[in-house]
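Peer 1: Going down the list, the protein sequences come from chains G and C. For our numbering, count along the first sequence from 1 and bump the result up by 1. For our numbering, count along the second sequence from 1 and bump the result up by 133.
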Amino acid sequence: MLFSDFKKYFFVLFITSIVFFGAFFLSNQLNLRRISEVKNLGESITVNILSLETQFALLGEASCKDIDDPVLSGMLNELAVKVSYLEGKRGFDDNEVLNLKKHYSLLQIRHYLLMKKLITRCKPDPLPIFVIYFYSNKGDCPDCVRQGYVLTYLRENHPVLKVYAFDYNINLSAVETLISILKISGELPILVINDKVFSGFKSIEDLTQILSDFKGFVPVETQETEPTVTLKPTYIIESVSL
Amino acid sequence: MTEVFNIVFHIALFSAVYFQVFILLIFFENCQEIRKEKEFESAETDALTCPSATIIVPCYNEEKTIFKTITSLINLDYPKDKLKIFVVDDGSVDGTFNIIKRFETNPAVKIFRKENGGKWTALNYALGWVETELVGCLDADSFVAPNALKIVAAHFKNPEVMAVTPAIKILNPRNILERIQNIEYRLSIFKRKILSFLNAVYVTPGPFSVFRKQVFDKLGKYREAHQTEDLEIALRMNVNNYKIVSSTRAFVYTVAPNTFRGLVRQRTRWNYGFLKNMFDYYFMIFNKKHGHLGIFILPFMLFSIFLALGLFLIIIYNFIQYLMDYFIKIYTVGFEFSLLNLRFDWFFFNSDALVFLGFVSLVLALTSIILVNKLIEEKIIAPFDTIYFIFFYGFLAPFWLAKSLYHAVFSKKIKW
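1) Strictly below 9 Å CB to CB, what residues from chain G border C:K462?
2) For chain C, check one thing: does any of its Cβ atoms lie closer than 8 Å to the Cβ of G:V20?
3) Report back the beta-carbon spacing between C:F199 and C:A255 to the nearest angstrom; my notes put them in contact at under 8 Å.
4) Keeping to the same chain, check which residues put their C-beta closer than 8 Å to that of C:D518; ignore five residues upstream and five downstream.
5) Look up G:F215 in the DSSP assignment and say whether it is helix, strand or coil.
6) With a cut-off of 8 Å on the beta carbons, I'd call G:D168 and G:S137 a contact; round off their distance for me.
7) With a threshold of 16 other CB atoms inside 10 Å of the CB of C:G424, please say whether the residue is buried or exposed.
8) For C:E365, is the classification buried or exposed, using 16 other Cβ atoms within 10 angstroms of its Cβ as the cut-off for buried?
9) Spatial neighbours of C:Y539 within its chain, please: CB distance less than 8 Å, with the 5 preceding and 5 following residues excluded, ordered by chain position.
10) Please go through the same chain and pick out, in chain order, the residues whose beta-carbon is closer than 7 Å to the beta-carbon of C:N410, but skip the five residues on each side of it.
11) Quick check on the burial criterion: 16 or more other C-beta atoms within 10 angstroms. Buried or exposed for C:M457?
12) For G:K38, would you say it is in contact with chain C, using Cβ-to-Cβ distances shorter than 8 Å as the test?
13) Threshold first: 4 residues or longer. Then list the alpha helix (DSSP H) segments lying entirely within the region 119 to 175 of chain G, N to C.
14) Can you find at least 3 beta carbon pairs, one from the region 234 to 243 of chain C and one from the region 341 to 356 of chain C, that sit closer than 8 Å?
15) What alpha helix (DSSP H) runs, 4 residues minimum, are completely inside the region 279 to 319 of chain C?
16) Taking C-beta pairs closer than 8 Å, name the residues in chain G that C:Y151 reaches, listed in chain order.
17) Going along chain C in order, which residues have a C-beta closer than 8 Å to the C-beta of G:A58?
18) At a Cβ cut of 7 Å, what residues of the region 485 to 511 of chain C count as close to chain G, listed as they run along the chain?
19) DSSP three-state call for C:F161: helix, strand or coil?
20) What does DSSP give as the partner residues of C:K462 in its beta bridges?
21) With DSSP as the reference, label G:Q105 as helix, strand or coil.
22) Name the chain G residues whose beta carbon is nearer than 8 Å to that of C:V154?
23) From the DSSP output, read off the bridge partner residues of C:S342.
24) Rounded to whole angstroms, what's the CA-CA distance from C:A180 to C:P212? Just pull it up for me.
25) Tell me the residue span of the alpha helix (DSSP H) that contains C:I203.
26) Just checking G:T121 against the ligand ZN - is the residue's beta carbon closer than 7 Å to any of the ligand's heavy atoms?
27) Only counting the same chain, and skipping five residues up and downstream in sequence, which positions put a Cβ closer than 6 Å to that of G:P234?
28) For G:L114, does the three-state DSSP call read helix, strand or coil?
29) Comparing the C-beta of G:L243 with each C-beta of chain C, is any distance below 8 Å?
30) In chain order, what residues of the same chain have a beta carbon less than 8 Å from the beta carbon of G:K245, not counting five sequence neighbours either side?
31) Pair every Cβ in the region 146 to 155 of chain C with every Cβ in the region 490 to 503 of chain C, then say whether three or more of these pairs are closer than 8 Å.
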């Protein structure tokens, strides 16, 4: 074989490498844009929560009807879905994803605290039911995926439920404090429903049974065509698939 | 596991893109050559200078097609005094011989009958009687275009050329399997042409490959070669630096298997033959003495079998995973489908590098299909056949690749 023949192989290798690295570059650029978009979304939510907290502090008890921000709910939902997507694509151990998840967890805690304040002061009817869900995606919780499906389903059908999902192993002091305050122990998945801890997988039927003890929860089969809930589904986090 | 899958996926795509770029580069490098070839293939041939040729038709239980096959040879636009047709009945037990006998009065046709011994024995039997300059073979399920032999003969004006392979097309592709093969065969014409430019044609297909008789005189006749004697003779020729070229205009039409079982059986036989011959001709692999064939083509062909299987297994694994997740969801919360959940957001567009590479590979494959249509002056573009080929071929091939690999590794014989 002549040297020119070998040159052909190197030339093709060069072109293929350009195509290959071009594909990786393009993919990486789009991923960076995604991360940047999620970060911006997180920032917007922070500003919104701060604004809401400030508004609440300024106006006091008399202004419960004004404290309602449908945009914030939508944004929190979008953030949850997008962080979840990135986690699926880039992996659980990806630093960027972990940082975004930590930010999202903090926002959830702040939102949860704000909602608690809102309920104490405004006493909406029916009272929202807080579900705090602890999961793990380290492979030590085979039922967490199913629990996520159940919670998503119930939350979609019961606007009175407000679900906050936290990675049990996220290594974030705020989440660790939450775990310690709520006295979390036992087998994952763990659900905390209005401060009461439930350990292990709970099916739709199990949870419907548990939730039926709470005022304001109307099982699907007994719901009227128009939900009787007066509180707008403003503060509901749409996705619990994280 | 996922990491391993990712690596295999990347290697497979890199190899596929590399091969496609290589093929296209060789094509564009030889555009001038293709134009010249078209001119000399189309030039009027003087009957006096036409080399004499014998076409051997080995047949075994081919009563459905043999009449048409012989008729297509008789109808060849070639000087009658320079064409012999040897039909060898390899011990058929159906009505094949009775049909062949209808041609015994034709002076160009010579009929032989022997005990069944396989295609290569039938070819060798007839080779003993050949006295012409050229000798070709035509499978009994294939039919030649009237000008095919003239075009093939034109290539033999070059004294270096020792064999010419034809451009094989599928006869009347009807069902989806035949239509997939329609595109596959077109791409094979393209691939063989490229290999021809590289002096790396490693198979002289049964349907109408034509040789100088001296090939058999000097290198010996066909051998029992794991039912792929057409591959073995080509490898033997390459080892001896005999030039094999491919024509893109000497058309031969062949009957393609129209059932999945038939297709898998045929391709398993071909692929098994390739693998076994690779064992026999292992010394060619990565041997620069054998040029592009040894350095790149044969190793790549071998490598691509494993890559195609690996890729297929990964796709199946991922699909099963997806299905399992889906069933777990249905089992947990029941089936729900809402159009309201469908929304477009660029964020969720799959922008993995693999997707872009897959897209590049698809574009390169489509470019090859367009180029081959132009090359063979095909008026029927067959867009649906192309779609079927792109979407389904990758899922069909692993069946015969896996089966032939199993048979080759465990030395299990393949039935015809």
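Idealized CB from N, CA, C, for every residue including glycine. Bear in mind that the values here come from a model prediction, so they are computed numbers and not experimental data.
Peer 2: The relevant details are as follows:
1) Counted from its first residue, the second sequence places residue 462 of chain C at position 329. Per Cβ cutoff of 9 Å: V146, R147, Y150.
2) To locate residue 20 of chain G, count along the first sequence from 1; it is residue 19. Closer than 8 Å to some Cβ of chain C, the Cβ of G:V20 qualifies, so yes.
3) Working through the second sequence from its first residue, we reach residue 199 of chain C at position 66. Working through the second sequence from its first residue, we reach residue 255 of chain C at position 122. Residue 199 of chain C is actually Ile in this sequence, not Phe. Actually they are not in contact, since the Cβ atoms of C:I199 and C:A255 sit about 13 Å apart, beyond 8 Å.
4) Locating residue 518 of chain C in the second sequence gives position 385, where the first residue counts as 1. Cβ neighbours of C:D518 beyond the five flanking positions: P306, R312, I313, N315, I316.
5) Here residue 215 of chain G is taken as the residue at index 214 of the first sequence, counted from 1. Correct three-state label for G:F215: coil.
6) Indexing the first sequence from 1 puts residue 168 of chain G at position 167. Indexing the first sequence from 1 puts residue 137 of chain G at position 136. Between G:S137 and G:D168 the Cβ distance is about 7 Å, and since that is below 8 Å, they are a contact.
7) For the purposes of this step, residue 424 of chain C is taken as the residue at position 291 of the second sequence. That one is buried.
8) In the second sequence, residue 365 of chain C corresponds to position 232, counting from 1. That one is buried.
9) Residue mapping note: residue 539 of chain C aligns to position 406 of the second sequence, counting from 1. Cβ neighbours of C:Y539 beyond the five flanking positions: K545.
10) The residue given as residue 410 of chain C occupies position 277 in the second sequence. For C:N410, where only same-chain residues beyond five positions count, the Cβ hits under 7 Å are A358, H359, T361, L364, E365, L368.
11) Indexing the second sequence from 1 puts residue 457 of chain C at position 324. Its Cβ having fewer than 16 others within 10 Å, C:M457 is exposed.
12) Within the first sequence, the letter at position 37 stands for residue 38 of chain G. It is worth fixing the name first, because residue 38 of chain G is Glu in this sequence and not Lys. Yes, its Cβ sits closer than 8 Å to a Cβ of chain C.
13) 145 to 158
14) no
15) 281 to 288
16) Here the question's residue 151 of chain C lines up with position 18 in the second sequence. Chain G residues near C:Y151: V13, L14, T17.
17) Mapped onto the first sequence, residue 58 of chain G falls at position 57. Ordered by position in chain C, no residue passes the 8 Å Cβ test against G:A58, which lies about 34 Å from the chain.
18) D485, A486, F489, L490, V493
19) Translated into the one-based positions of the second sequence, residue 161 of chain C becomes position 28. Correct three-state label for C:F161: helix.
20) Locating residue 462 of chain C in the second sequence gives position 329, counting from the first residue. Beta-bridge pairing links C:K462 to no other residue.
21) As a position in the first sequence, residue 105 of chain G is number 104, starting the count at 1. The question names Gln, but residue 105 of chain G in the sequence shown is Tyr. The answer is helix: DSSP assigns G:Y105 an H, G or I state.
22) Working through the second sequence from its first residue, we reach residue 154 of chain C at position 21. Going along chain G in sequence order, the residues near C:V154 (Cβ under 8 Å) are V13, I16, T17, V20.
23) As a first step, residue 342 of chain C must be located in the second sequence, where it is residue number 209. DSSP output for C:S342 lists C:C270 as bridge partner(s).
24) Numbered from 1 along the second sequence, position 47 holds the residue referred to as residue 180 of chain C. Numbered from 1 along the second sequence, position 79 holds the residue referred to as residue 212 of chain C. Approximately 6 Å, taken between the alpha carbons.
25) Position 70 of the second sequence, counted from the first residue, corresponds to residue 203 of chain C. Segment 199 to 207, the alpha helix (DSSP H) holding C:I203.
26) With respect to small molecules bound, the structure shown includes none, and the ligand ZN cannot be examined in it.
27) Here residue 234 of chain G refers to the residue found at position 233 of the first sequence. Only weak support is given to the placement of G:P234: the predicted model assigns it a pLDDT of 29, under 50, and the question is left unresolved by the model.
28) Here residue 114 of chain G refers to the residue found at position 113 of the first sequence. In the structure shown, G:L114 sits in a helix (DSSP, three-state: H, G or I).
29) Position 242 of the first sequence, counted from the first residue, corresponds to residue 243 of chain G. With a pLDDT of only 45 at G:L243, under 50, the local geometry of the prediction cannot be trusted, and the value read off the model is given with reservation. Taking Cβ atoms only, chain C never reaches closer than 8 Å to G:L243, which makes this a no.
30) Any property of residue 245 of chain G remains undetermined from this structure, which presents chain G solely from 2 to 243.
31) yes
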